[in-house]
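Notes to accompany the following structure.
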Amino acid sequence: MRCNFIGALAFLALAPTALAVQLTITPESSFYVPSSFDGVPELGVGAGEQFDYDTDARLAYVIGETGILNVLRFPDMSSPELVFSMDVGNTGTDVEVCNGVVAVAIEGAPTKQDNGTVVFHQGWSAEPGRGGMPELYEVTTMALPDMIHFSNDCSVMVIANEGEAGITNGSFVNPPGGVTVLKWVNGDVSQPPTVQHLDFSAFSGEELYNADGTGVLWSYRPDNSVAGEDSFAQDLEPEYVAITEDASMAYVILQENNAVAFVSLGETPKVEAIAPLGLKDWSSLTMDASNVDGKVNMASYPIWGAYQPDTIQTFSSGGKQYLVTANEGDSKEYLVDNPDETEFWIEEVRGADIANFGPDVSQEMRDMLADESQLGRLKFLSRHGLDENGMMAKFITMGGRSVTIFEMTDDFRAVKVWDSGDEIERKHAEMDPDGARGLFNPEQEGGFIAAGFDQRSDDKGVETETVALGMCGGAHLLFVGNERSSALTIYDITDPAAPVMLEQVPLANPTGQGNTTWEALHAERALGVIDPESMKYVAMDDTNGHLMVAGAVSGTLSTLKISCEDGGSAPSQDSGAGLSALTAPISLLLSTLLALMLVLNEPRF
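Positions -20 to -1, 1 to 585 (mature numbering (1 follows the signal peptide of the UniProt record, and there is no 0)) are the ones given, in order, by the sequence shown.
Shown next, in the form of structure tokens:
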């Protein structure tokens, strides 16, 4: 279940002026995680969605929708091996390790609207008589513990309980979202912690919600005839957590609500505030909004985007605290809780299906919304951007197709200092202008690679999904995983107000094939990473580290060695033309060398 790559590729993301850092990326390994106890990996079953890495023990713990926790040992980063597998009893949503103790978050049963659990295990050891991973204790959470995160010193864990709504036994159930805070004395995670559950009942939707979409988004409002009288607290859905280095504050993303909660972690943890993230103005930027025109068609439209981040990371610089967000986008939906998961209601509407226009919507805008080559196919949020009469006045799509840096202020505001705009999607268009490699806004879950070209443009584009931070060569690096294209984007964010894109390279389909299927590449163990869901940077020294990437659809855990050298002064912000000119050949060289490595090195399983 292992495919090893030998050799290194040095690429310099050069612009008209020298960059602050020069990168060498070496593909090291790609492990195909088994989806069952027979050891056979499968494509598209979510066997490897989340992972954590114990640097001392050199062990990776991988969890996913299959409910199996797989443990990989890394004698070195090029030779991972499966050493242990364990059934966790239900869908695993996250895994974290701290001080040799492994925490696994598990959905509730019989439905995800029931309370979940976090189970703590002793880390795996090969010692005789140890019995694998003995359970130490478990903690009951609120509904759907979607993400768990330890502080750096292992003294605190913060759990994002999404509280996702659904239909259970014919009834609509919407458990309140919330945050669970666990605390240990002196970071002794082997002993049960104190537990505190925090909800959002103290916050008023009437104060934080605005119908025009500029406030905290509230979908299941009392005027929603489907949902009925659900409260603001029930509507809020925590997705992801970041904790400051001193463990004094946690930032909890409320993805569908386009907001962030500030949670103080002092003696008595408290949700201090909920701050909206605002809207992105697309009128001066470009996007491809149609999946039926069969081409890259980047254009500007007078519409808005809700950032709605998934993964976040926090860092400090110059005495200020920042939050980096991967602006994936998402909408709310009710699903009947049965094996067929029949769709019941979803908070999306295509442009061509909008009928309730407000009186101030121009005829030009209505024409663009009716045209499937423009905005007719694009999906908008149906419950937001409304005027006082409940008519559509502002058109808000999901996600930012970008990464954003916010300053997190002492008075509990998230102030945008930088957004990547349309740069990531434009670079994808340059990497694959005719769709031969399946990189531009593609559908990558099966079938012929080239056939997936442009199929996600009407949804959320590349879907920036995950971010990781690392120090390398004196630079602060931001690694961005794009879910739909399965490409890696790297920024130098040493200056948080003026990041510079260093490179963007494909992680999926490293051989660059188009006239084959994803299933065929999976069978050949030549797939790469599809849907980078989780990434972590593991530092080796000041100029070297490993980027580990979990592919949810590919069911893989892959590693890349990152080496950095000081390249001189950073480029000016108007140097994009030079960067663009070199991106395509550098990426082509990367793919060519990866293909050669695959040919010369037969995959081992």
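Glycine included, each C-beta is placed from N, C-alpha and C at the ideal position.
Asn50 burial status per 10 Å Cβ neighbour count (16 or more: buried): As a first step, residue 50 must be located in the sequence shown, where it is residue number 70. Buried.
Name the residue from Pro339, Gly274, Glu499 and Gln288 whose alpha carbon lies nearest to the alpha carbon of Val383. Walking along the sequence shown from the start, residue 383 turns up at place 403. Selected option, being the one with the closest Cα: Gln288.
Note the first and the last residue of the continuous alpha helix (DSSP H) segment covering His408. Translated into positions along the sequence shown, residue 408 becomes position 428. First-last of the alpha helix (DSSP H) with His408: Glu403 to Met411.
Opposite Cys78 in the DSSP bridges: which residues? Counting from one through the sequence shown, the residue named residue 78 turns up at place 98. Answer is Val81, bridged to Cys78.
What does the alpha-carbon distance come out to for the pair Leu126 and Val77? By 1-based counting over the sequence shown, the position of residue 126 is 146. By 1-based counting over the sequence shown, the position of residue 77 is 97. It should be noted that the sequence gives Asp, not Leu, for residue 126. Looking at the two C-alpha atoms, the distance is approximately 16 Å.
How should Ser264 be labelled, buried or exposed, when 16 other C-beta atoms within 10 angstroms of its C-beta is the threshold for buried? For the purposes of this step, residue 264 is taken as residue 284 along the sequence shown, with counting starting at 1. Exposed, because fewer than 16 other Cβ atoms sit within 10 Å of the Cβ of Ser264.
Per the contact definition of three or more C-beta pairs closer than 8 Å, is the stretch 181 to 196 in contact with the stretch 252 to 262? yes
Among all the DSSP beta bridges, which residues are the ones paired with Phe386? Start at 1 with the first residue of the sequence shown, and residue 386 comes out as number 406. Leu303 and Lys396, per the DSSP bridge assignment.
Candidates Val518, Tyr281, Ser228 and Thr71, of which the one nearest Phe375 by Cα: Within the sequence shown, residue 375 is the residue found at index 395, counting from 1. Phe375 has its Cα closest to that of Tyr281, out of Val518, Tyr281, Ser228 and Thr71.
Measure the beta-carbon distance from Ala85 to Ile128 and round it to whole angstroms, keeping in mind my assumption that it falls under 8 Å. As a first step, residue 85 must be located in the sequence shown, where it is residue number 105. As a first step, residue 128 must be located in the sequence shown, where it is residue number 148. Going by Cβ atoms, the distance from Ala85 to Ile128 rounds to 5 Å, so yes, they are a contact pair.
Between Arg110, Ser466 and Cys452, which has its C-alpha nearest Thr412's C-alpha? In the sequence shown, counting from the first residue as 1, residue 412 sits at position 432. Going by the sequence as given, residue 412 is Asp instead of Thr. Taking only the C-alpha atoms, the option nearest Asp412 is Ser466.
Buried or exposed: where does Tyr117 fall if 16 or more other Cβ atoms within 10 Å of its Cβ makes it buried? Counted from its first residue, the sequence shown places residue 117 at position 137. Under this definition Tyr117 is an exposed residue.
By how many angstroms is the C-alpha of Gly72 removed from the C-alpha of Ala89? The residue you call residue 89 lines up with position 109 of the sequence shown. The residue you call residue 72 lines up with position 92 of the sequence shown. Those two C-alpha atoms are separated by around 12 Å.
Mind checking Asp472: buried by the 16 CB within 10 Å criterion, or exposed? Here residue 472 refers to the residue found at position 492 when the sequence shown is read from its first residue. Asp472 is buried by the Cβ-count criterion.
Of the listed residues Asn95, Val243, Val81 and Ile43, nearest to Val138 (C-alpha basis): One-based indexing of the sequence shown puts residue 138 at position 158. Per the Cα distances, Val243.
First and last residue of the uninterrupted alpha helix (DSSP H) at Ala350: On the sequence shown, residue 350 is found 370 positions in, with the first residue counted as 1. Gln343 to Ala350 is the span of the alpha helix (DSSP H), which, as asked, contains Ala350.
DSSP beta-bridge partners of Gln30: Your numbering for residue 30 matches position 50 in the sequence shown. Paired residues: Ile43.
Have a look at Thr536 and Gly508 and give me their C-alpha separation to the nearest angstrom. Here residue 536 refers to the residue found at position 556 when the sequence shown is read from its first residue. Here residue 508 refers to the residue found at position 528 when the sequence shown is read from its first residue. Taking the straight line joining both Cα atoms gives about 8 Å.
On a CA-only basis, which of Gly338, Gly112, Glu87 and Ala431 is nearest Asn70? Give me that one, please. For this step, residue 70 is matched to residue 90 along the sequence shown. For the residues Gly338, Gly112, Glu87 and Ala431, the minimum Cα distance to Asn70 belongs to Glu87.
Straight-line Cα distance separating Asn524 from residue 587: The displayed coordinates of the chain run from -20 to 585. Any statement about residue 587 would go beyond what the structure contains.
Return the chain-ordered list of same chain residues with a C-beta closer than 6 Å to the C-beta of Gly80, the five sequence neighbours on each side being excluded. The residue labelled residue 80 in the question sits at position 100 within the sequence shown. So the list reads Gly103, once near-sequence residues are dropped.
Can you give me the Cβ contacts of Ala239 inside the same chain, cut-off strictly under 7 Å, excluding the 5 residues immediately before and after it? As a position in the sequence shown, residue 239 is number 259, starting the count at 1. Answer for Ala239: Val196, Ile254, Ala255, Pro256 and Leu257, listed in chain order.
Best match in Ser181, Ser135 and Ile470 for proximity to Val165 [C-alpha to C-alpha]: Reading the sequence shown from its first residue, position 185 is the one you call residue 165. Comparing Cα positions, the closest option is Ser135.
Near Pro172, what residues of its chain come up, given a Cβ to Cβ distance below 6 Å and the 5 sequence neighbours on each side ignored? Reading the sequence shown from its first residue, position 192 is the one you call residue 172. Excluding positions up to five away in sequence, the list reads Tyr117.
Starting from Gly146 and walking both ways along the beta strand (DSSP E), at which residues does that stretch end? Walking along the sequence shown from the start, residue 146 turns up at place 166. Here the beta strand (DSSP E) through Gly146 covers Gly146 to Thr148.
State the Cα-Cα distance for the pair Met(-20) and Phe100, rounded to the nearest angstrom. Here residue -20 refers to the residue found at position 1 of the sequence shown. Here residue 100 refers to the residue found at position 120 of the sequence shown. Summary for Met(-20): the model assigns pLDDT 43, below 50, so the residue's position carries little reliability; its value from the coordinates is reported in the next sentence. The straight-line gap from Cα to Cα measures roughly 27 Å.
Which of the three DSSP states, helix, strand or coil, is assigned to Ala106? By one-based count along the sequence shown, residue 106 stands at place 126. In this structure, Ala106 counts as coil in the three-state DSSP scheme.
8 Å Cβ cutoff, Ile326 in contact with chain B: No chain B is present in this structure, which holds just one protein chain.
Is the stretch 439 to 459 touching the stretch 379 to 399 in the sense that three or more CB pairs, one from each, lie closer than 8 Å? yes
Could you spell out the range, first to last residue, of the beta strand (DSSP E) harbouring Trp284? In the sequence shown, the residue the question calls residue 284 occupies position 304. Trp284 to Ala286 is the extent of the beta strand (DSSP E) around Trp284.
Tell me whether Glu504 is buried or exposed, calling it buried when 16 or more other Cβ atoms sit within 10 Å of its Cβ. Position 524 of the sequence shown, counting from 1, holds the residue named residue 504. Flag for Glu504 reads exposed.
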